[in-house]
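S.K.: This is the structure, below, for whatever I ask next.
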Amino acid sequence: MLEGKVVNLKVIEKEDLPLTVEWVNNPEFFGVYNPLIQQSKTEMEKRYDKLPPEEKWFFIEKKDGSKVGGISHFPAGKLLEIGYFLIPSERSKGYCTEAVRIMVDYLFLSKEIVRIQAHIDPRNIASQKIVEKAGFEKEGTIRKSFFAKGEWRDMILYSILREEWKEPKILTKS
Ligand SMILES: CC(C)(COP(=O)(O)OP(=O)(O)OC[C@H]1O[C@@H](n2cnc3c(N)ncnc32)[C@H](O)[C@@H]1OP(=O)(O)O)[C@@H](O)C(=O)NCCC(=O)NCCS
């Protein structure tokens, strides 16, 4: 468990997959800027069993233990990338802002990586604010980088380097 001030990050175990399946199959959870994922429990379990060491999925939990969203890290070539979402009723309360800060601390404290990156749709202002508050820099726009919902989409590439992070903001080393 990674503990923050208003949320904790808890590793998603195999027995948690039914809730994850319910969420990913709901078009509202990934919002208007992300591709719609439709995945059965069996497909999700197969995927979970084959996760590489660089990929881990976490629930974002409020302090009362209720699950309000998910955040993950995953490989992008030799680099590490993050992705996140909140259930619609729990948005605009700052939970994801803290979840991303916790994830950044966790990754730089536990892995020998030099950068963490995120790809964000230019129209997704909330997501851009979240990474900017966590210290990410905008690197540029990757034009027409993937096809989703009937159109080619641009993505902004954000990153934070170890030297920009400097030290943990929320987690401690112990
Ligand atoms: C992106 C997402 C996680 C943001 O969650 P959230 O709880 O609204 O984020 P926060 O409450 O921490 O808000 C972040 C900032 O964005 C602002 N914001 C929220 N919704 C906004 C909107 N529609 N337009 C502009 N700004 C918005 C907030 O006011 C806040 O700004 P502030 O720091 O200046 O106060 C959530 O909208 C979501 O799950 N979307 C679907 C999945 C997704 O897009 N994931 C990201 C993929 S890159």
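Counted the way the working numbering counts, the sequence shown spans residues 552 to 725. All residues carry an ideal CB built from backbone N, CA and C; glycine is no exception. As the structure is a computational prediction, the values presented were derived from the model and not from experiment.
(1) What did DSSP end up calling L712 once you bin it into helix, strand or coil?
(2) Out of curiosity, what's the CA-to-CA distance linking I671 and N576?
(3) With a 10 Å radius around its C-beta and 16 neighbouring C-beta atoms as the bar for buried, classify R652 as buried or exposed.
(4) Any idea what DSSP makes of D615, helix, strand or coil?
(5) Which complete beta strand (DSSP E) runs does the segment 572 to 638 hold, if anything under 3 residues is left out?
(6) Inspect the CB distances between the segment 581 to 600 and the segment 612 to 632 and report whether three or more fall short of 8 Å.
(7) Would you grab the beta carbon distance between C647 and Y635 for me? Rounded to a whole angstrom, and I think it's under 8 Å.
(8) If you follow the beta strand (DSSP E) that A669 is in, where does it begin and where does it stop?
(9) For the alpha helix (DSSP H) that I653 lies in, which residues bound it at each end?
(10) If you draw a straight line from the C-alpha of V583 to the C-alpha of A699, how long is it?
(11) Identify which residue in G691, L570, G616 has its Cα closest to the Cα of V558.
(12) Given a cut-off of 8 Å, decide if E579 and P639 are closer than it, judged by their beta-carbon atoms.
M.R.: Per the coordinate set shown:
(1) Of the three classes helix, strand and coil, the one that applies to L712 here is strand, per DSSP.
(2) 21 Å
(3) buried
(4) coil
(5) 607 to 613, 618 to 627, 630 to 637
(6) no
(7) So it is a contact: roughly 6 Å between Cβ atoms.
(8) Per DSSP, A669 belongs to the beta strand (DSSP E) from 666 to 671.
(9) 646 to 661
(10) 10 Å
(11) For V558, the nearest C-alpha among the options comes from G616.
(12) Yes; because the gap between Cβ atoms is below 8 Å, this pair is in contact.
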